[in-house]
Amino acid sequence: DAKTTQPNSMESNEEEPVHLPCNHSTISGTDYIHWYRQLPSQGPEYVIHGLTSNVNNRMASLAIAEDRKSSTLILHRATLRDAAVYYCILLGTSYGKLTFGQGTILTVHP
Amino acid sequence: DAGVIQSPRHEVTEMGQEVTLRCKPISGHDYLFWYRQTMMRGLELLIYFNNNVPIDDSGMPEDRFSAKMPNASFSTLKIQPSEPRDSAVYFCASSPLRDRVNHGANVLTFGAGSRLTVL
């Protein structure tokens with residue numbers, strides 16, 4: 071499975087936008103880009119996913135580079151509840167094999 | 166929708182004892198997954214089922230671990246005998262098969278996890 075690279079940690083202030091980057095230079099044409107997050111003491115939670123085009127939902131936006139070798143999860147206005155570990159994962163034909171890396175620890179300051 | 170339900174939420178046991186973790190997936194979901202999370206190894210996929218049939222158990226660490234899915238609404242992960250190194254949080258997740266062609270588009274819903282401590 072193709073690997074992803076994320077910064078270990080990032081910090082943000084409340085009500086400011088947050089851009090969480092992910093590099094996936096070995097992505098294949100059939101790999102979807104998924105983002106999950108894990109709040110303290112909870113299971114991972116689906117955030118958003120995309121293939122080629124940018125995607126928006128009620129939680130976040132996903133910006134995918136034209137060559138698909140990188141993507142950015144955008145939280146438009148961070149809240150304290152957004153403090154979590156954010157995982158960028160590639161999911162392809164090996165169904166179910168969500169391979170989690172170390173993710174990015176997001177700290178949100180009041 | 167109550168989501169994926171796991172029990173027990175916390176379990177403390179002594180080395181050598183049998184441990185059984187339980188999971189109730191979301192109704193109508195075709196796939197069920199068992200993951201384990203530790204500080205050292207992060208989140209690891211142990212096994213997953215499709216329509217109650219085990220599809221891939223290559224992540225099961227050793228023969229002490231076994232998983233069953235007797236019906237669409239229930240699965241167990243059993244450790245016998247348990248060892249201190251099995252201490253971890255065990256997550257169950259389920260997923261519908263909305264997209265039969267593009268598997269990568271399918272989304273998992275995780276339970277709250279079962280925290281196991283083996284003394």
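Going down the list, the protein sequences come from chains A and B.
Per the working numbering, the first sequence runs over residues 71 to 180.
Per the working numbering, the second sequence runs over residues 166 to 284.
Think of the CB as a built atom: it goes at the ideal place given N, C-alpha and C, for glycine as much as any other residue.
When only Cα atoms are considered, A:ALA130 and A:TYR156 end up about 12 Å apart. Per DSSP, reduced to three states, the secondary structure at B:ARG250 is helical. Bridge partners of A:SER140 according to DSSP: A:ASN93. The Cβ of B:PHE239 sits no closer than 8 Å to any Cβ of chain A. For the alpha helix (DSSP H) assignment, the stretch 104-129 of chain A encloses no uninterrupted run of at least 4 residues. Taking each of B:GLY168, B:LEU242 and B:SER247 in turn and checking the Cα distance to B:THR282, the smallest one comes out for B:SER247.
Annotated as distal: B:VAL169 and B:GLN202, with beta-carbon spacing of 8 Å or more. Here B:ARG280 carries a strand assignment [DSSP, helix/strand/coil]. Closer than 8 Å at the C-beta level to chain B, one finds these residues of the stretch 79-100 of chain A: THR100. Exposure of B:ASP228 is indicated by the presence of fewer than 16 other C-beta atoms within 10 angstroms of its C-beta. Remark: C-beta atoms of A:LYS139 and A:SER95 approach each other more closely than 8 Å. Sixteen is the threshold: when 16 or more other Cβ atoms of the shown chains lie within 10 Å of the Cβ of B:ASN271, as they do, the residue is buried. DSSP, reduced to helix, strand and coil, places A:ARG151 within a helical segment of the structure shown. Not one beta carbon of chain B lies nearer than 8 Å to the beta carbon of A:LEU132.
Not a single CB atom of chain A sits nearer than 8 Å to the CB of B:VAL283. Taking C-beta atoms as the reference points, B:THR241 and B:LEU197 fail to come closer than 8 Å. The alpha-carbon separation between B:TYR213 and A:LEU161 amounts to approximately 15 Å. Under the three-state reduction of DSSP output, B:ALA270 falls in the helix class. By alpha-carbon distance to B:ALA237, the top candidate from B:MET204, B:PRO190, B:ARG174 and B:VAL184 is B:PRO190. In the assembly as shown, A:HIS146 is an exposed residue. Its beta-carbon has fewer than 16 other beta-carbons within 10 Å. Counting of Cβ neighbours within 10 angstroms places B:MET180 among the exposed residues, the total staying below 16. Within the same chain, ALA72, LEU160, LEU161 and GLY162 come within 7 Å of A:ASP101 by CB-CB distance, once the 5 residues on both sides are set aside.
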